[in-house]
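Numbering (the numbering used here), first residue to last: 10 to 138. Input: a single structure, listed below in structure tokens.
Spelled out as structure tokens, the structure:
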């Protein structure tokens with residue numbers, strides 16, 4: 010996993026990113042209050058309450074990289090989720106209620122509307138033969 014350089018240095022070179030990200034990074038670079046907050050570190054900077062509201066495109070990308078070191082609770086939870094997936098429960102066909110390991114361990118919820126729009130044009134033709 011490669012962390013985009015603008016997450017660690019949002020006030021650095023932004024030429025290598027796409028246009029939408031460049032726009033928000035330009036707005037961010039003109040905000041003098043946030044420049045002062047950046048001195049506390051990039052993790053503290055991105056986890057401020059106003060960042061998701063003011064810079065939603067940047068936040069949606071940055072939040073996936075801002076995972077703290079796992080606590081023993083998260084490790085145990087992950088172990089339990091893997092155990093549940095690999096035991097007799099795996100033979101049951103209740104995939105919807107069990108879910109995927111990544112969905113079990115994360116607090117991020119999928120954007121169902123966006124996923125439906127992306128896959129709306131896919132058709133499955135089932136004909137009787």
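For glycine and all other residues, C-beta sits at the position ideal for the given N, C-alpha and C. Keep in mind it's a predicted model, so treat the numbers as computed, not measured.
Quick one: using the 10 Å Cβ neighbour count with 16 as the cut-off for buried, is residue i buried or exposed?
| i | result |
| --- | --- |
| residue 19 | buried |
| residue 126 | exposed |
| residue 33 | buried |
In angstroms with no decimal places, state the Cα-to-Cα distance between residue i and residue j.
| i | j | result |
| --- | --- | --- |
| residue 88 | residue 22 | 41 Å |
| residue 94 | residue 85 | 14 Å |
| residue 82 | residue 115 | 13 Å |
| residue 42 | residue 50 | 14 Å |
| residue 122 | residue 54 | 30 Å |
| residue 25 | residue 90 | 39 Å |
| residue 31 | residue 57 | 20 Å |
| residue 181 | residue 27 | Nothing about residue 181 can be reported from this structure: the residues present for the chain run from 10 to 138 only. |
| residue 15 | residue 119 | 24 Å |
| residue 96 | residue 124 | 30 Å |
| residue 17 | residue 129 | 37 Å |
| residue 92 | residue 46 | 42 Å |
| residue 44 | residue 13 | 19 Å |
Of the choices the options, whose alpha-carbon is the least far from that of residue i?
| i | options | result |
| --- | --- | --- |
| residue 11 | 45, 47, 128, 70 | 70 |
| residue 29 | 14, 67, 59, 46 | 67 |
| residue 117 | 92, 72, 13 | 72 |
| residue 52 | 92, 124, 14, 75 | 75 |
Taking 8 Å as the cut-off, does the segment 20-37 touch the segment 59-71 (at least 3 CB pairs, one atom from each stretch)? yes
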